[in-house]
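Trainee: For the sequence shown, numbering that gives the first Met the number 0 assigns the number 0 to the initial residue and increments by one for each residue that follows.
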Amino acid sequence: MASSSATDFVLRPFEGLPGEPDWVAMREIVPSATAPLRTTEEHGARDVLLVTILPGGYAAMHRPDGTVLLALQGVLSSGDLSRDLAAALLEAIDAEPGTAIPAPANASDGPRLQDVLDLTVPFEVTVHDGYDYWVDAGAERTSDVEASLSEAAEATIPTVKIPGVESAYWCRMSREFVRWARPEPEDQVVDAIARLHAERRSAIALPGGEGRFLGMFRAAGIVVPVWELPRGTEAADVEGPVAELGERLAAALAVTEPLDANQRRARAGIVSRQVTLR
Numbered sequence: 000m001a002s003s004s005a006t007d008f009v010l011r012p013f014e015g016l017p018g019e020p021d022w023v024a025m026r027e028i029v030p031s032a033t034a035p036l037r038t039t040e041e042h043g044a045r046d047v048l049l050v051t052i053l054p055g056g057y058a059a060m061h062r063p064d065g066t067v068l069l070a071l072q073g074v075l076s077s078g079d080l081s082r083d084l085a086a087a088l089l090e091a092i093d094a095e096p097g098t099a100i101p102a103p104a105n106a107s108d109g110p111r112l113q114d115v116l117d118l119t120v121p122f123e124v125t126v127h128d129g130y131d132y133w134v135d136a137g138a139e140r141t142s143d144v145e146a147s148l149s150e151a152a153e154a155t156i157p158t159v160k161i162p163g164v165e166s167a168y169w170c171r172m173s174r175e176f177v178r179w180a181r182p183e184p185e186d187q188v189v190d191a192i193a194r195l196h197a198e199r200r201s202a203i204a205l206p207g208g209e210g211r212f213l214g215m216f217r218a219a220g221i222v223v224p225v226w227e228l229p230r231g232t233e234a235a236d237v238e239g240p241v242a243e244l245g246e247r248l249a250a251a252l253a254v255t256e257p258l259d260a261n262q263r264r265a266r267a268g269i270v271s272r273q274v275t276l277r
């Protein structure tokens with residue numbers, strides 16, 4: 000993996016980290032989630048809690064109880080999100096308990112997350128309905144604190160990590176959707192879905208109908224295909240059907256033959272609907 004300076008734009012800032020697609024999902028599509036991290040021995044072998052967002056838009060926080068939180072959905076101040084996050088993390092570790100860390104103004108040429116984190120620690124995401132992890136477990140919960148947490152929770156889009164597959168998330172907005180962050184190179188994912196789409200096999204097959212493939216978007220260098228579900232579909236309804244789709248997708252990904260004419264037309268339609276999230 001090539002190194003970068005702080006001024007370089009890094010397309011895949013989480014490449015090389017365990018669970019790269021879930022890092023992207025926590026950055027772009029999951030409103031409230033946590034995942035445990037640990038720094039390397041060189042950086043103190045410190046346990047850290049990665050979170051989607053912190054109050055006030057802070058990049059990190061050293062809570063009064065000693066817990067260090069690192070927010071993934073912060074403001075990017077350089078071209079390398081990994082370097083920015085590492086700078087905020089190291090600053091939070093060195094700060095006094097009770098300190099909130101703003102987004103670093105300049106990450107200079109410091110280390111990246113890939114240099115700071117113990118890469119043997121599995122990346123295990125827990126999705127939350129609210130933001131209770133902002134507050135020390137033993138801290139007094141005043142009425143103002145409770146009101147702030149309740150207000151934040153009410154604004155959260157209901158989201159569930161789908162068991163049995165990697166990096167797929169059900170959510171409820173105006174309708175219900177499945178968004179599935181994929182680790183494979185973009186062209187391979189597009190080709191695989193084009194093969195399925197041309198054969199009318201790209202939908203999520205549900206007892207009450209189909210979850211139709213809408214398209215995909217790019218985020219942090221990987222693609223996230225999206226399916227729109229029949230109205231009212233619950234997260235529990237899609238676990239088996241998404242696993243079945245995963246098997247079809249894996250088979251399509253394994254095909255190396257060139258696309259035929261129908262598949263090329265399907266691919267062109269998919270590509271024309273893509274958007275990129277910087």
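Positions of the beta carbon are idealized from the N, C-alpha and C atoms, including for glycine.
Give me the Cα-Cα distance between Ala251 and Ala167, rounded to the nearest whole angstrom.
Mentor: Distance between the alpha carbons of Ala251 and Ala167: 18 Å.
Trainee: DSSP three-state call for Ala1: helix, strand or coil?
Mentor: Note that Ala1 scores a pLDDT of 45, beneath 50, so its modelled location is shaky; the value from the coordinates is reported in the next line. Coil at Ala1, not helix or strand.
Trainee: For Phe212, list the residues DSSP reports as bridge partners.
Mentor: According to DSSP, which records beta bridges pairwise, Phe212 is partnered with Trp226.
Trainee: Can you say whether Leu10 is buried or exposed, counting buried as having 16 or more other CB atoms within 10 angstroms of its CB?
Mentor: Exposed, by the Cβ-count rule.
Trainee: Any contact between the region 110-130 and the region 196-207? By contact I mean 3 or more CB pairs, one from each, below 8 Å.
Mentor: The answer is no - the region 196-207 does not touch the region 110-130, with fewer than three Cβ pairs under 8 Å.
Trainee: Is the beta carbon of Ile156 closer than 8 Å to that of Pro54?
Mentor: Not in contact: Pro54 and Ile156 (Cβ atoms no closer than 8 Å).
Trainee: Could you please give the first and the last residue of the uninterrupted alpha helix (DSSP H) stretch that includes Pro20?
Mentor: Residues Glu19 to Glu27.
Trainee: For the putative contact between Ile100 and Tyr132, defined by C-beta atoms under 8 Å, what is the C-beta separation to the nearest angstrom?
Mentor: Wrong, their Cβ atoms sit about 16 Å apart, outside the cutoff.
Trainee: Thinking Arg82 and Arg111 are a contact (beta carbons under 8 Å), I'd like their distance in whole angstroms, please.
Mentor: The pair is a contact, with the Cβ atoms about 5 Å apart (cut-off 8 Å).
Trainee: Which runs of the alpha helix (DSSP H) fall wholly inside the region 231-264 and span at least 4 residues, in chain order?
Mentor: Correct list: 234-252.
Trainee: Measure from the alpha carbon of Trp226 to the alpha carbon of each residue in Ser271, Val254 and Val177, then state which is nearest.
Mentor: When each option's Cα is compared against that of Trp226, the closest is Val177.
Trainee: What are the boundary residues of the alpha helix (DSSP H) that Glu40 is part of?
Mentor: Element bounds for Glu40: n/a, residue is neither H nor E.
Trainee: Scan the region 56-133 and note each continuous alpha helix (DSSP H) run of 4 residues or more that stays entirely inside, going in chain order.
Mentor: Those alpha helix (DSSP H) runs which fall completely within the region 56-133 and span 4+ residues are 80-93 and 112-115.
Trainee: Under 8 Å by Cβ, that's how I've got Asp7 and Asp114 pegged, so tell me the actual separation to the nearest angstrom.
Mentor: That belief does not hold up - the Cβ atoms of Asp7 and Asp114 are roughly 15 Å apart, past 8 Å.
Trainee: With a 10 Å radius around its C-beta and 16 neighbouring C-beta atoms as the bar for buried, classify Met172 as buried or exposed.
Mentor: It counts as exposed.
Trainee: Excluding the 5 residues preceding and the 5 following His42 in the sequence, name in chain order all residues of the same chain whose CB lies nearer than 6 Å to its CB.
Mentor: Contacts found: Val115.
Trainee: Does DSSP classify Ile221 as helix, strand or coil?
Mentor: Of the three classes helix, strand and coil, the one that applies to Ile221 here is strand, per DSSP.
Trainee: In the DSSP assignment, the beta strand (DSSP E) including Leu205 goes from what residue to what residue?
Mentor: Start and end: Ile203 to Leu205.
Trainee: Any heavy atom of the ligand NAD closer than 7 Å to the beta-carbon of Val164?
Mentor: This structure lacks the ligand NAD, and indeed carries no ligand of any kind.
Trainee: Which whole-angstrom value is the C-beta distance of Gly210 and Leu228, which I expect to be below 8 Å?
Mentor: Right, the Cβ-Cβ distance comes to about 4 Å (below 8 Å), so this counts as a contact.
Trainee: Of all the options Ala234, Ala218, His196 and Glu243, which has the alpha carbon lying nearest to the alpha carbon of Val23?
Mentor: Of Ala234, Ala218, His196 and Glu243, the residue nearest in Cα terms is Ala218.
Trainee: Assuming Glu150 is part of the alpha helix (DSSP H), what are its boundary residues?
Mentor: Per DSSP, Glu150 belongs to the alpha helix (DSSP H) from Ser142 to Glu153.
Trainee: Does the separation of the CB atoms of Ala70 and Val47 fall below 8 Å?
Mentor: Result no, Cβ atoms of Ala70 and Val47 do not sit closer than 8 Å.
Trainee: Taking the DSSP output, what are the residues bridged to Leu49?
Mentor: Per DSSP, Ala34 and Leu69.
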